Amino acid sequence: MALNRRSFLLGLPLVAGGLGCSANSGTAVTRARSPGRLASADSPGKPTVLVCMPDTKQTREVWSGLKDELAGHFALVAVDVDGDRGNEVLSRAMGELHPVCVVLMNNPTVFAYARYQATAGLASYPPAIVVMTSFLDRRPTAIAGATGISYEVPLITVVTNLRKLMSSPVERVGVIRRMPLHSFVTRQAELARREQIGVIEQPVSLDPNAAELKYALREVKQHCDAIWVLNDDRLLSERLIADGWLPGLNERPYKPAIVGAASLVSPGQSFGTFAVLPDHGALGVQTANRVFDLADANFKLTDHDEVDSPLSTTTTVDLVQARERFALRQDALEQVDHILE
Amino acid sequence: MSVPSRTRLGLQALAAIAATELVAQTAQARTAKLLVFLHVALKQRAFESELQAALPGLEVRAVGRLGDFERGLEDGQDAVLSLPALLDSHGLSGKLQGMRGGSPEERYSLVGAGAVPDPARVAAVGALDLLGRDGTNAFVYALLGAKPKVERVTKFEDLLPLIQMQKVDAILLPTRLLSDLQSVSRLTLTQRELAKLVKLPAVASAGAGGAEALAAIARMPAKVSRTLGVDEWR
Chain A
440 MALNRRSFLL GLPLVAGGLG CSANSGTAVT RARSPGRLAS ADSPGKPTVL
490 VCMPDTKQTR EVWSGLKDEL AGHFALVAVD VDGDRGNEVL SRAMGELHPV
540 CVVLMNNPTV FAYARYQATA GLASYPPAIV VMTSFLDRRP TAIAGATGIS
590 YEVPLITVVT NLRKLMSSPV ERVGVIRRMP LHSFVTRQAE LARREQIGVI
640 EQPVSLDPNA AELKYALREV KQHCDAIWVL NDDRLLSERL IADGWLPGLN
690 ERPYKPAIVG AASLVSPGQS FGTFAVLPDH GALGVQTANR VFDLADANFK
740 LTDHDEVDSP LSTTTTVDLV QARERFALRQ DALEQVDHIL E
Chain B
262 MSVPSRTRLG LQALAAIAAT ELVAQTAQAR TAKLLVFLHV ALKQRAFESE
312 LQAALPGLEV RAVGRLGDFE RGLEDGQDAV LSLPALLDSH GLSGKLQGMR
362 GGSPEERYSL VGAGAVPDPA RVAAVGALDL LGRDGTNAFV YALLGAKPKV
412 ERVTKFEDLL PLIQMQKVDA ILLPTRLLSD LQSVSRLTLT QRELAKLVKL
462 PAVASAGAGG AEALAAIARM PAKVSRTLGV DEWR
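Have a look at this one:
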C-alpha cells in the first residue's frame, strides 16, 4: 500500500488523543449544579465512591461499567479535577462527600489528586484506585494509599489475540525500547514466557532520531514474527512515525505491527496492523471489582492489593494491510471487534 | 344536538374498522425484537451479525454485559435468548429450550494450568458474569459446592488471561468451550468436569412478537445453533 505521509501527519492529533486519553475529546456527560460535577448515581444511606475523571468518550465508558456494578451498593459521584479549579473541586468533594474510596482516571487526574494530598496534609486518605494511566505496573508512590489497574495491555494477551488471527506461527516478538522501559519489557517478557512467547528487545538511545529507529526496526525484523509497538510517546513523535516507523514497517520483510492506540491503525497509513486496547466498559467492571474487594477489607489496602493488568481487550485490524501482506486464519474476523478497510 | 343519521353512523363504523385494521397491520409490519445475552467463543460483533443473518425477520441485539441486558429489556423486547438462570432472575420463563444430544442441560468444567483443580480447594475462581456479583457468586458456589473468591469477567476470551496472569487458581466454563481455549493457549490446561449440570440456552417471550421470534429461532440453521451449544430447540 502506498505510504501517504502528509495525510498521516494530518491524523497525528488523533494519535496524541488516543495515547494520552485526552481530556479534550467528546462532550459533557451531565453538567450538574456543583462545580466540576460530571455525573452521579444516588444511593441513599450508602457510602460514597468519588470518581475523578476527565469527560471523554473512553472515561464515560469506564464510568458506565463502574456505575452498572456499583449502583445500589454505593453512591457514586464523578467530578472533573483537571484544570485551574481542580484543587478546589477536589477539596470540596472530599470534604462534603467523605468518600470511602476514590477512583482516579488518567495522568492529569492523578497529578491533581497528588497535589490535593500535598496541600490537605491529612493523617490518612481513603484508598485510591488509579486507572487509565501510562505504564502503571507498580503501586503509585506519588499518592498515599493507592493501587490500580494498568492501561497497557500485557504482551501475553496481545500475542494470544494475535495468534487467533494469524495463520503463521507467532513465536518471537520484537520490541524497540528506550532504557526507561527496559524493566517494563523484562517483566512483560517473563510473563509471556508462560505462553512460549520469546521477546527480542532492540534498545535505542533515550532520544533516537529517525535513522536510528529505522535501523533498529530493520534489525529486529530479521529475527521476529511480529513487532510490538510500545506506547512510548518519545518513540511516537510525528517525525519518528513519519521518517522512522512508516518507512521501516513498509519495507520487506513485512511483519505485523501491534499497536496500543486505535488511531495508529488506519487503512490509509500502513502503520499498525492490529491495535489491542483495553475494553473500557469492562475496565469499569474490573475497577468496580477492586472497589468490592476493598469494601470486603474495610477499605484498608493490604500488600495483596497490587496493580492489575486490564483483563478485557478490544482488537482492531487494518484489513487492507493484513490481507495484502499476511495470511489470516479462516475465522480471524470472528475474533476482531473493529475492522477497518 | 341532532341524532346521527344512519349514513353517518355507517361511516363512523367503517372508519373505526379501518383504524383497527391499520393498527393491526402496523403491529404485524413491526419487526420483532430479540435480545441475546450469552457468552460464546466469538466476538459480540461477529455473533450478532451471525444471528442477524440467520434470523432475517427479527431485529437482533446481542449484548455482553448485564447492565446492557437490563437496559435492552427496558427498551422493550419481543423475545429474550439467554441461559434459563438469567431468564428466571428477571421473571421470564423459557418457552423454547435448547437441547444437545437430547438433553436440555450441559456439563461445566473447572480448568486450571498444571495440576487438575480441586473444586473444594481452589481459593479463587474465574467465571463469566451473567448474573451480576451476587448472582454469579451463588451460581459458582452451587456448581462447586464451595465458596472461593470469584473473579468475574464479561467475555469468554477474558477467562484465559486470568490463568495466564495467575489471578485465579482455575476458571469455570461450559466443557464444550474448552477446545476453543486450548486452541489459543500453550499452557498445559487441565480440567475437572463437575457433577452438577447447567441448563442450556432458552428463549422467553417478552412481547407481542414473541411467538414469531420463537418460531424463527426454532428454524435457525444448525450451524448457528451450535455456536450457542445447541443442536435442536424444543
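Those protein sequence lines, which keep their order, are chains A and B.
Each residue of the first sequence is one higher than the one before, starting from 440 at the first, in the working numbering.
Each residue of the second sequence is one higher than the one before, starting from 262 at the first, in the working numbering.
Even glycine gets a Cβ: it sits at the ideal position worked out from N, Cα and C.
In this text the structure is predicted, and so the values were computed from the model without any measurement.
Alpha carbon to alpha carbon, what distance is there between residue j and residue i?
| i | j | result |
| --- | --- | --- |
| ALA465/B | ALA472/B | 9 Å |
| ALA483/B | THR451/B | 30 Å |
| SER644/A | ARG616/A | 8 Å |
| GLY318/B | LEU421/B | 36 Å |
| ALA307/B | LEU299/B | 13 Å |
| PHE623/A | LEU716/A | 18 Å |
| GLY522/A | LYS603/A | 43 Å |
| ALA766/A | GLY687/A | 20 Å |
| MET544/A | VAL485/B | 40 Å |
| ALA479/B | THR292/B | 17 Å |
| SER676/A | LEU669/A | 12 Å |
| ARG691/A | SER446/B | 29 Å |
| MET481/B | MET533/A | 55 Å |
| SER461/A | GLN427/B | Caution is warranted here: a pLDDT of 34 is assigned to SER461/A, below 50, making its placement in the model unreliable, and no coordinate value can be reported. |
| ALA651/A | LEU405/B | The sequence given here places Glu at residue 651/A; Ala does not occur at that position. In a straight line, the C-alpha of GLU651/A is about 56 Å away from that of LEU405/B. |
| LEU722/A | LEU703/A | 21 Å |
| ASP507/A | GLN760/A | 38 Å |
| LEU316/B | GLN338/B | 15 Å |
| PRO547/A | LEU561/A | 22 Å |
| VAL491/B | ALA551/A | 53 Å |
| ALA714/A | LEU630/A | 20 Å |
| LEU758/A | PRO435/B | 32 Å |
| VAL468/A | ASP494/A | Its pLDDT being 46, under 50, VAL468/A is placed unreliably by the model, and the measurement read from it follows with that caveat. Whole-angstrom Cα-Cα distance: 7 Å. |
| ARG764/A | GLU780/A | 14 Å |
| VAL609/A | SER444/B | 14 Å |
| LEU740/A | LEU733/A | 7 Å |
Name the chain B residues that come within less than 8 Å of residue i, Cβ to Cβ?
| i | result |
| --- | --- |
| GLN641/A | None at all; the shortest Cβ gap to chain B is about 24 Å. |
| GLN635/A | ARG447 |
| LYS485/A | Chain B residues near LYS485/A: none, gap ~15 Å exceeds 8 Å. |
| VAL815/A | Because residue 815/A is not part of the residues shown, which for chain A are 440 to 780, the question remains open. |
| VAL570/A | Result: empty, since nearest Cβ-Cβ is about 16 Å, beyond 8 Å. |
Select from the options the residue whose C-alpha is nearest the C-alpha of residue i.
| i | options | result |
| --- | --- | --- |
| THR712/A | ALA721/A, ALA701/A, ASP718/A, PRO593/A | ALA701/A |
| VAL724/A | PRO435/B, SER444/B, ARG413/B | ARG413/B |
| THR487/A | ALA480/A, ILE636/A, LEU515/A | LEU515/A |
| VAL598/A | ALA696/A, LEU656/A, ARG524/A | ALA696/A |
| HIS512/A | ARG673/A, GLU629/A, ALA480/A, SER530/A | ALA480/A |
| ALA476/B | VAL341/B, ARG326/B, GLY328/B, ARG361/B | VAL341/B |
| SER354/B | ASP379/B, ASP390/B, ASP492/B, GLY468/B | GLY468/B |
| ASN689/A | LYS660/A, LYS496/A, LEU536/A, ASN526/A | LYS660/A |
| LEU489/B | GLY470/B, ALA463/B, GLY387/B, GLY337/B | ALA463/B |
| ALA583/A | LEU594/A, ALA736/A, ASN600/A, THR558/A | THR558/A |
| VAL501/A | VAL569/A, ALA581/A, ASP776/A | VAL569/A |
| ALA727/A | SER705/A, PRO483/A, ASP664/A, ALA567/A | ALA567/A |
| GLY475/A | GLY484/A, MET492/A, LYS485/A | MET492/A |
| PRO749/A | ALA562/A, HIS537/A, VAL698/A, SER589/A | SER589/A |
| LEU324/B | ARG495/B, VAL301/B, ALA346/B, LEU316/B | According to the sequence shown, residue 324/B is Val rather than Leu. Nearest option by C-alpha distance: VAL301/B. |
| GLN781/A | VAL756/A, LEU505/A, MET605/A, GLY560/A | For chain A, the structure presents residues 440 to 780; residue 781/A sits outside this window and is missing. |
| ARG495/B | GLY352/B, GLY333/B, LYS356/B | LYS356/B |
| PHE731/A | ALA478/A, THR495/A, LEU505/A | LEU505/A |
How would you list, in chain order, the residues of chain B whose beta-carbon sits under 9 Å from the beta-carbon of residue i?
| i | result |
| --- | --- |
| PHE731/A | ARG394 |
| PRO593/A | PRO422, GLN425, MET426 |
| ASN728/A | ARG394, GLU412, ARG413 |
| VAL539/A | Here the premise fails: no neighbours, minimum Cβ distance about 17 Å. |
| VAL756/A | The contacting residues do not exist; VAL756/A stays about 11 Å from chain B at best. |
Using the beta-carbon of each residue, which ones in chain A are nearer than 8 Å to residue i?
| i | result |
| --- | --- |
| ALA307/B | LEU772, GLU773, GLN774, VAL775 |
| LEU421/B | THR599 |
| LEU327/B | ASP507 |
Rounded C-beta distance between residue i and residue j? I'm assuming under 8 Å.
| i | j | result |
| --- | --- | --- |
| HIS662/A | ILE639/A | 5 Å |
| GLU320/B | LYS304/B | Going by Cβ atoms, the distance from GLU320/B to LYS304/B rounds to 20 Å, so no, they are not a contact pair. |
| LEU439/B | SER370/B | 6 Å |
| LEU296/B | ARG322/B | 5 Å |
| GLN425/B | GLU634/A | 7 Å |
| ASP430/B | VAL459/B | Wrong, their Cβ atoms sit about 21 Å apart, outside the cutoff. |
| ASP718/A | SER751/A | 4 Å |
| PRO345/B | ARG453/B | Wrong, their Cβ atoms sit about 24 Å apart, outside the cutoff. |
In chain A, what lies closer than 7 Å to residue i by C-beta?
| i | result |
| --- | --- |
| VAL414/B | LEU750, SER751 |
Which residues in chain B sit within 7 Å of residue i, going by Cβ to Cβ distance?
| i | result |
| --- | --- |
| GLY720/A | ARG326 |
| THR596/A | PRO422 |
Interfacial residues, the region 697–716 of chain A to chain B, with Cβ spacing under 8 Å: none
Interfacial residues, the region 292–317 of chain B to chain A, with Cβ spacing under 7 Å: LEU303, LYS304, ARG306, ALA307
Residues of the region 465–485 of chain B with Cβ closer than 9 Å to any Cβ of chain A, in chain order: none
Positions along the region 603–637 of chain A whose CB lies within less than 8 Å of some CB in chain B: LYS603, LEU630, ARG633, GLU634, GLN635
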